[in-house]
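Asks:
Numbering (full-length UniProt numbering), first residue to last: 1 to 169.
#1: Taking the alpha carbon of residue 111 as the point to measure from, which residue in 63, 31, 12 and 11 has its own alpha carbon closest?
#2: Run the CB neighbour count on residue 58, radius 10 Å, all protein chains shown included, and call it buried at 16 or more, exposed below.
#3: Pull up the CB-CB distance for residue 23 and residue 47, whole angstroms please, since I reckon it's below 8 Å.
#4: Buried or exposed for residue 120, going by 16 or more other Cβ atoms inside 10 Å?
#5: In or out: residue 152 buried (at least 16 other Cβ within 10 Å) or exposed?
#6: Under a three-way DSSP split, which group does residue 50 fall into?
#7: Which same chain residues, not among the five before or five after residue 60, have their C-beta less than 7 Å away from its C-beta?
#8: Alpha carbon to alpha carbon, how far is residue 29 from residue 56?
#9: With a 10 Å radius around its C-beta and 16 neighbouring C-beta atoms as the bar for buried, classify residue 138 as buried or exposed.
#10: Which residues in the same chain have their Cβ closer than 7 Å to the Cβ of residue 51, if we skip the five residues on either side of it in sequence?
#11: Keeping to the same chain, check which residues put their C-beta closer than 7 Å to that of residue 127; ignore five residues upstream and five downstream.
#12: Does the Cβ of residue 9 have 16 or more other Cβ atoms within 10 Å, making it buried, or fewer, making it exposed?
#13: Which residue marks the beginning of the alpha helix (DSSP H) containing residue 122, and which one marks its end?
#14: Ignore the nearest five residues each way along the sequence and tell me which others in residue 142's own chain have a CB closer than 7 Å to its CB.
#15: Compare the Cα-Cα distances from residue 67 to each of 147, 73 and 43 and report the closest residue.
#16: Express the C-alpha separation of residue 78 and residue 150 in angstroms, rounding to a whole number.
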């Protein structure tokens with residue numbers, strides 16, 4: 001068996017360092033751990049195939065995030081996903097700070113949003129991207145990001161019966 005190349009070692013180091021963060025982003029997008037792991041596996045494979053280009057671009061986190069969101073959105077458009085019914089009692093991720101009930105309510109409400117709206121909110125508020133960076137990641141206009149952000153927050157606020165400024169605090 002050939003020795004791992006520097007390319008492989010660098011890729012392995014990156015994925016090892018970022019796996020937890022990427023998995024959490026995937027979970028917030030998908031709403032359940034099993035789908036998140038599948039989406040993440042595909043995204044990591046695509047990241048590996050394109051690693052030389054990713055490394056040359058100098059923004060591995062941005063590239064990984066974009067691939068993850070694109071894989072998630074493509075998976076949501078696939079007809080087979082509409083036939084899959086998640087089991088009740090899916091494992092919930094640990095909440096390390098804040099109010100546990102509020103965090104779980106927010107995750108459940110987030111999972112009820114349309115896929116693209118959910119992706120915009122996750123990128124804007126979990127990944128802390130600007131409107132411009134979110135638009136570039138999703139290949140859409142900044143106006144679309146702004147309107148979908150406003151609609152998503154309004155919908156979350158109504159689902160949670162919470163004032164808008166408290167939804168993401």
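Built from N, CA and C at the ideal position, the CB exists for glycine as well.
Replies: Straight from the coordinates:
#1: Out of 63, 31, 12 and 11, 31 has the C-alpha closest to the C-alpha of residue 111.
#2: exposed
#3: The pair is not a contact, with the Cβ atoms about 14 Å apart (cut-off 8 Å).
#4: Under the 10 Å beta carbon count, residue 120 is surrounded by 16 or more other beta carbons and is classified as buried.
#5: buried
#6: coil
#7: 14 and 54
#8: 28 Å
#9: The residue is buried, with at least 16 neighbouring Cβ atoms inside 10 Å.
#10: 7 and 11, listed in sequence order.
#11: Sequence-distant Cβ neighbours of residue 127 in its own chain, meaning closer than 7 Å and more than five residues away, are 25 and 65.
#12: Only exposed fits residue 9, as fewer than 16 other CB atoms lie within 10 angstroms of its CB.
#13: Taken as a continuous stretch (DSSP letters only), residue 122 belongs to no alpha helix (DSSP H), as it is neither H nor E.
#14: 131, 132 and 135
#15: Considering only 147, 73 and 43, the residue with the shortest C-alpha distance to residue 67 is 43.
#16: 27 Å
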